[in-house]
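Letter by letter, the sequence shown follows residues 1 to 175 of the UniProt record's numbering.
Every residue gets a Cβ at the ideal spot worked out from N, C-alpha and C, and that includes glycine.
The structure displayed is predicted, hence computed values, not measured ones.
Structure first, commentary second.
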Amino acid sequence: MVATIGGQLLRFALYVGLYVLLFDNSSVVLFGLGWNFFYLGFLLFLPINTPIALQLLLGFCMGFAVDIAHDTGGLHAAAAVLLAYLRPWVLRLLTPRDGYDAQDTVNVHQMGWQWFLVYLSLLVTVHHLAFFFLELGSLQHPLVTLGRVGVSILYTSVVMLIVQLLFFPVRRGRG
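As C-alpha cells, then:
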C-alpha cells in the first residue's frame with residue numbers, strides 16, 4: 001500500500017515536472033494552434049479501480065499545481081476535475097464483456113488499440129473543450145477555438161500514445 005502511494009506520488013511529480021519544464025513552452029506549440037497537455041497522462045493512466053473521490057482530488061491537485069506554475073487562475077484545475085469526474089463513466093461505457101480484472105490498468109497493450117483510442121479520444125476531447133472554452137470565456141470565436149481544440153487533441157493524444165508504447169509494459173499472456 002505504501003509502495004503504491006509512493007509510486008503514484010512519484011508519477012504525479014514526474015508528470016507535473018515534465019509538463020512545466022518541457023511541454024508547456026511556447027516552442028512546443030504545434031502550428032501556433034496546438035498545445036500538449038502532457039500532465040493528463042497522470043489522470044488518464046491511473047489504475048482502473050481508483051475510487052472516484054480520490055480521482056477528483058488528484059485531478060484538482062494536478063490542475064492546481066499546473067495553474068500555480070503558469071498563473072492560469074484555475075483553468076487547468078477545472079478541466080482536470082471534469083476529466084476525473086467523467087473517467088469512471090467512460091470506463092463503464094467501455095467495460096469489456098467479461099468486465100475488468102482487479103489488476104487491469106489503462107494500457108494499450110492490455111486493453112487493445114480500439115478500446116484505448118476511444119478512451120483517450122473521449123476524455124482528451126472533453127478536457128480540451130472545457131479548457132479552451134473556459135480560457136476564452138465566451139463563445140465569440142468558436143471556429144478558432146475549435147481549431148485549437150482539434151489540433152491540441154491530436155497533439156496530446158499522439159504524445160499519450162507514445163508514452164503508452166514506450167513506458168507501459170507489454171501484455172503478458174493471462175494464465
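Do you know whose CA, among P47, L21, N49, lies nearest N36's CA?
A check of alpha carbon separations from N36 across P47, L21, N49 identifies L21 as the nearest.
Rounded to whole angstroms, what's the CA-CA distance from L44 to G34? Just pull it up for me.
Whole-angstrom Cα-Cα distance: 19 Å.
8 Å contact criterion, which H109 and L40 should meet: CB distance rounded
Rounded, the Cβ-Cβ distance is 19 Å, inconsistent with contact.
Helix, strand or coil: how does DSSP classify G73 here?
Looking at G73 - three-state DSSP - the assignment turns out to be coil, as it is neither helix nor strand.
Taking the continuous alpha helix (DSSP H) assigned at H128, which residues delimit it?
113-136 is the span of the alpha helix (DSSP H), which, as asked, contains H128.
Quick check: L56 and A79, are their CB atoms within less than 8 Å of each other?
No; because the gap between Cβ atoms is not below 8 Å, this pair is not in contact.
How about the stretch 136-150 and the stretch 6-14: do they share at least three Cβ pairs that are nearer than 8 Å?
Between the stretch 136-150 and the stretch 6-14, the count of C-beta pairs closer than 8 Å stays below three; the two stretches do not touch.
What do you get for T156, buried or exposed, if any count of 16 or more other CB atoms within 10 angstroms of its CB means buried?
Counting Cβ neighbours within 10 Å, T156 comes out buried, since at least 16 surround it.
If distances are taken between C-alpha atoms only, which option among R97, G99, Q103, L93 comes closest to Y119?
It is L93 whose Cα lies nearest to the Cα of Y119.
Quick one: Cα of R174 to Cα of F133, how far?
At R174 the pLDDT is 46, less than 50, meaning the model places this residue with poor confidence; the figure from the coordinates comes in the next sentence. Distance between R174 and F133, taken at the CA atoms: about 44 Å.
On a CA-only basis, which of V170, A65, T145 is nearest D104? Give me that one, please.
Distances from the CA of D104 to each of V170, A65, T145 were compared; the closest alpha carbon is that of V170.
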